[in-house]
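Residue numbers (the working numbering), protein chains in the order written: chain A, 1 to 337; chain B, 1001 to 1261; chain C, 2001 to 2378; chain D, 3001 to 3432; chain E, 4001 to 4237.
Quick reminder that beta carbons are idealized off the backbone N, C-alpha and C, glycines included.
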Ligand SMILES: Nc1ncnc2c1ncn2[C@@H]1O[C@H](COP(=O)(O)OP(=O)(O)OP(=O)(O)O)[C@@H](O)[C@H]1O
Ligand SMILES: Nc1ncnc2c1ncn2[C@@H]1O[C@H](COP(=O)(O)OP(=O)(O)OP(=O)(O)O)[C@@H](O)[C@H]1O
Ligand SMILES: [Mg+2]
Ligand SMILES: [Mg+2]
């Protein structure tokens, strides 16, 4: 019996919880990507760097707060700074839209042109972030890192295996759930949300219905700023902030948004978990779990690993491709241009 | 002859085509009418291979053609137009027509690279043919315009024009008349009759303009709610109470009564 | 007659790209040596040395080649301190350095394959060979009575080479490696790797990576999930930053990095701190040494032409001669000018073996009370 | 066509010449050579996107396969490794392929819903373990052969030029498999699928050491042109160089680059002519029709799937050829250096900035963006100097900015990219 | 006589930098009346409608509503002035449900829209059944009904319809024409393009025949219907 419990705890500790944490992080990022795709109809390559910028802004404010001695108890101080970070990022995004994207929107440029333009923006944000905060690792987490550590868990339960739960994991999961619910409600139930969908569906007709495109775009960027900054800060609290890693996050985030179905918030969430779990599960070495779960005589001598971790990205992409082969526009029937 | 046997096409729980059976006789101009949402376009889409049927069978001259992809059906001589115009918007109007004929020499890369001479002759013939068609459709001045820039009606004409670029056996016309000027539509009607008489094309025509149907089609098949409601000559159909109730309405009946009177 | 001339040295490192967070300190290290030389005013009858930086991008061989081409043909550098990643280093060596006859001293390219590259005697490196460090690491573990380890390495020539050499040495010595799992640098999440490492088990986890890259992510994730408490850290993983970042988690972890029982390392740390660069940054000492060696060799040959001074590098690096520590470059210049032999020791106890690479003696360290403490030399 | 394209090409040539005059001809030729290769890559992508609207974001994978070809063709075989496990390895691969073929055949059988799925699953899982059981020992044996220098099977020892077409074939083969599976996907969904496949290709290259030494890299790939050192040592060449008024070192470095440039230019010219002929033919018209409206094209008798597959294979093959050329030029294969940013997205930038759908545009974009990619570094530094020139030497900001100067590189790239697209949103040489 | 409620006067212009499509075209409608535009394909009917709605840059001419010059207003501002427009093509939001399409029509309204929506459903009963379905999945005729419904939701004072009956079945067409008369009686100004010209001209107060971007014939609906030349050349005999 305890063996079974140990097996379950080991599986949770190394697969389920980390997978859920990573999945929720990807999901939050993917929400932003999917929203831009859904409303403005292009894949925004600058999203990773937008997350980096938002996080950087939040970090700077956090430092400010910390230096005057403000903290948030067992929660990270960065959460207090977050709204300010969002506001700054919002300004940046709206400014970018004004100076750059709007021109192409007016021209009715093909989506792929906007994609390339967003690459240009990506390079520029890239530079801005590195100018301001540099290229190194920045640790800005404070407050309690764990809700429960592996050791505490072992002591509490007397099991051989520990179970660690980080506070950021919980915050991220809760935030992702709230964000997707809010976004879903906003897009499908509110007037502004519907007008945004209308704008994405048929821009000219939206105009004829009296919808103000500039307002739609501004609201979109503001929500994106909130999503990107929140995602970036939560990720940074969990791991650490480093500009290059945020750029690298872009690919799994895109993968999540696409496999879930572009333009669909629920899809972004589902996609995040699909990507995260396919990375963790397929390359997992089942040895330990089986040792607990199976009788002595059947215990495996090898690692019982389907593929080595070298292939974890390959595997997650392979799963993504297989999903797409069966569901060509993603799990939740996304849009396509 | 095209036969459709007990054809079903469902979208989720909705039965757009719900057990339709009908025949399109070789050499006929068959009309297909019915209320909006009766399943006419869906039926066309299934016959022409655009949508797979949920169940049922389609044959052409005895051969089972159910579920064949559109391009194979095209090669068998089955052509169709689209209710909502599907032009190649970034190509010129002439190119839109010239791309239609199948098995052009220049459509293989080998010939594109090494058979320039042959291609040139064929292209010239194609361009001439295209210009003839454009002339007929009264849009020859637009030959070099991007098709995306055409007016709504002109796009419908282009749809029709494509079917005139090749020798087809069976042509399915989905509301080519909607949005087309009535004077021009009459000319088109004449052309359809001529193609039917002189070249033996079989036509199946969806149209809501009863004048047009009445003038051209025999027989007329009426669909409603995914099934065949009635079939017969145009005159019979227009007197059919069921059809009047579901489709024609009393307004037109009154008008026609007035006109005949 | 070279009085008042300017000698240019190219510094080609990946200032953008995956290694962008460590390269500024590396370049800084090299520039510390250059400034030191300039301040003496005794280099080649009063010539001044100027550093010209260029971006290797670490990953883009073609861009790196173009950058090196510019340094050599446009700026006319007399030697190249670089490059960092083995891939671009090989490309620059073959396509620019060799054809133009320019010396390259890389502070960090550790691929064993580079030893065999055709180099016409133009290529040197101050980074220790992966093969040697593997053996040392195996000894360190064996001496501590540890016989079962899990191993993860960064998936490049450095990590792979080190992991391979360690594994074969360790297994030959009777130890067992439960799993050898690669990790990619700069990725978002390392749960999958840690899950497999934990499942395979082992007394300690050997992390052949970089302090601010995937290696740190792996350790962080292992600590979070309680998978391992003790880590074995080779050179790429040792730096004060990671100790500060991970706090108590690294307590009791140990490892080794190139270094000898000389004051060189400490002296360099002081100099670096003064110059405002991170003294424990990876490969900063190696960069300092690379630049110093190159310049001293020029002094020795009395020429900035590679064909003249390339041969002098080995002579200077090794005994016999007066040992030279960081901060003593002025003395070295004087000795050379006086026609005496020197034995450059530098920040990393440079000792060159054929074909021009560091033999490497190692310093064993352990993390105690949040500090990196030296526990011995090997 | 207007004068725009020729003028832009002249301007591009002038840029390169100016680079030569200001910064030296070696640098100019280096840029030109990679520019030629970039132009070929961007032609390949243009074939897929510009002609047929296929959003292939897996360019990197095909380029890498081309690079692999250079190793497999040009390096000498490693007899010890072949003896250790070469045949066993080939057998294992054949077994793996057989399992896959069997699985595909089982899948194609129209009968038996759930039973078929189960059989398929059993086949795949069983086959996978069988395959691993056969493969792993062979791999271990091969990789154990002098791992720091070889540890792989080596190549065929043929002239490296052979690897260019072979690279194309390798990429084409991969494209065929990928196309069969994934071309049903549209727009961004196809994009992410191809991106994923490219990542898988790179993962294989990085981790299958028996194939091309994985991350340990293969260096010293033989060249199709002489080595500078040999030229410098040759009496005849020295005399020649003196005749040109150059010292042997400069002359040899220039000469080698000129030779490469000639080879690359020839390949580019052939591909460009073929692409241009294809675009202007009925085939090109058919492709554009498919790009504009697949549904209508298919109703007009065009086999959309087959055409997509064809053009996907062609474009990928072109990328593969370019990849082999690039690896030849670098003289080494370093799988770790294949990054999507550089080998996929930068190529896309070339196509879009040049003008998608237009072969000349793609070529121009290839040259221009490559030139920028190399030149933004000094441009960025220079801009930074300009910005900081007014500041005091010990100004904190100045120090901070100077430290960050390297990042001006990407920023400059971004700004120039945005400027170019601002003034010609449809590319420098638009389709029409 | 006071100026007509809606007037597009001497409109000249075209798309982008291309050639002019309209050449001094004039259209006007009195308040609560119906004006119908007919003409061959490509005559510029849709272009004229777009010009009146501000979706085209006019080089010459003016558009006035109730005497107020609105030539330089954006389309949204014209919606705010009580104008509604059903374009000829892409006139629905395809991925939104039928009901959401109708709601978007009422985007600028702040009052209760339920009654109007009920009216639309009464007029087009099929839409009630399909109200939760994405409009892009509807049949051609059903889409057309959604498009007209969307415009009616605006409760406009000027209603502009570009071929509203294209593709709708006779029974719905009759309903639609009846409804248009009703709407006009309620004081709403109606400007529409029709190819079902005979039915349309029967209910028209004013008819315009447009040829090559210019007015060719103008008169009451009856006059045009009675003109044999017009009948033969434009109305199909
Ligand atoms: N993709 C789809 N998903 C769901 N329902 C659909 C889809 N396509 C069509 N339908 C439904 O099927 C029914 C039949 O549509 P179809 O287009 O065949 O009608 P139709 O007879 O051509 O009508 P019309 O005369 O208006 O063109 C309609 O009620 C429509 O809403
Ligand atoms: N977006 C556009 N760009 C350029 N030219 C256009 C554009 N739209 C229409 N045209 C051209 O303007 C002319 C008038 O088009 P318009 O759509 O106004 O015709 P219409 O009278 O409404 O015809 P129909 O009855 O066929 O709808 C046509 O010749 C067409 O080719
Ligand atoms: Mg229909
Ligand atoms: Mg029109």
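Straight-line spacing of the CA atoms in residue 3336/D and residue 2019/C works out to 13 Å. 24/A is the residue among 324/A, 24/A, 84/A, 2/A whose C-alpha sits nearest the C-alpha of residue 235/A. Under the three-pair Cβ rule at 8 Å, the region 1068-1080 of chain B does not count as touching the region 1123-1131 of chain B. Of all residues in the region 1043-1063 of chain B, none has a C-beta nearer than 8 Å to a C-beta of chain E. At a beta-carbon threshold of 7 Å, the residues of chain A lying near residue 3181/D are 325, ordered along the chain.
Taking a Cβ-Cβ cut-off of 8 Å, the neighbours of residue 4090/E in chain A comprise 202, 204, 205, given in sequence order.
In terms of Cα proximity to residue 170/A, the closest of 224/A, 191/A, 237/A is 237/A. The beta carbons of residue 30/A and residue 271/A sit about 6 Å from each other, so the pair counts as a contact at 8 Å. Between the alpha carbons of residue 4087/E and residue 4046/E lies a gap of roughly 8 Å. Between the region 3300-3313 of chain D and the region 3078-3091 of chain D, the count of Cβ pairs shorter than 8 Å is below three; the stretches do not touch.
Straight-line measurement puts the Cα of residue 109/A at about 15 Å from the Cα of residue 1089/B. Along the region 3222-3251 of chain D, the positions whose C-beta sits under 7 Å from a C-beta of chain C are 3228, 3229, 3249, read in chain order. Taking every protein chain shown into account, the CB of residue 1224/B has 16 or more other CB atoms within 10 angstroms, so this residue is buried.
Remark: the shortest separation between the CB of residue 1151/B and any heavy atom of ligand 2 falls under 6 Å.
In chain order, 2221 place their CB closer than 7 Å to the CB of residue 2191/C, counting only its own chain and leaving out the 5 sequence neighbours on each side.
Beta-bridge annotation (DSSP): residue 3216/D is not paired with any residue.
For residue 2245/C, the closest Cβ of chain A is nearer than 7 Å. The region 2058-2068 of chain C makes no contact with the region 1231-1239 of chain B; the number of CB pairs closer than 8 Å stays below 3. In this structure, the straight-line span from the alpha carbon of residue 140/A to that of residue 240/A is close to 7 Å. In the DSSP assignment, residue 1008/B forms a beta bridge with 1018/B, 1055/B.
The region 251-258 of chain A makes contact with the region 36-53 of chain A, as at least three CB pairs between them are under 8 Å. Annotation: residue 191/A is outside any beta strand (DSSP E); the continuous alpha helix (DSSP H) that includes it extends over 191-201. For the alpha helix (DSSP H) assignment, the uninterrupted runs of no fewer than 4 residues enclosed by the region 129-203 of chain A are, from N- to C-terminal side, 150-157, 167-189, 191-201.
Taking 7 Å as the Cβ-Cβ cut-off, the region 278-312 of chain A approaches chain D at 310, 311, given in chain order. When C-beta distances to chain A are compared with 8 Å, the residues of the region 2218-2230 of chain C below that value are 2220, 2221, 2224, 2225, 2226, 2227, in chain order.
If you draw a 10 Å sphere on the C-beta of residue 3212/D, you find 16 or more other C-beta atoms in it, and that means buried. Residue nearest to residue 269/A within the set 95/A, 123/A, 182/A, 315/A is 182/A (criterion: CA-CA distance).
Three or more beta-carbon pairs separated by less than 8 Å link the region 4153-4161 of chain E to the region 4072-4091 of chain E, which places the two stretches in contact. Residue 1221/B sits in a strand when the DSSP states are folded into three classes. What residue 3345/D touches in chain A, judged by beta-carbon distance under 7 Å, is 119, going in chain order.
Cα atoms of residue 1016/B and residue 4091/E: separation of roughly 23 Å, rounded to the nearest angstrom. For residue 3415/D, the chain A residues whose C-beta falls within less than 7 Å of its own C-beta are 124, listed in chain order.
Linking residue 3267/D to residue 1027/B through their CA atoms gives a straight-line distance of about 56 Å.
For residue 2256/C, the pairing in a beta bridge is given by DSSP as 2364/C. A check of alpha carbon separations from residue 4053/E across 188/A, 204/A, 312/A, 7/A identifies 204/A as the nearest. Assigned with DSSP and collapsed to three states, residue 4084/E falls in strand.
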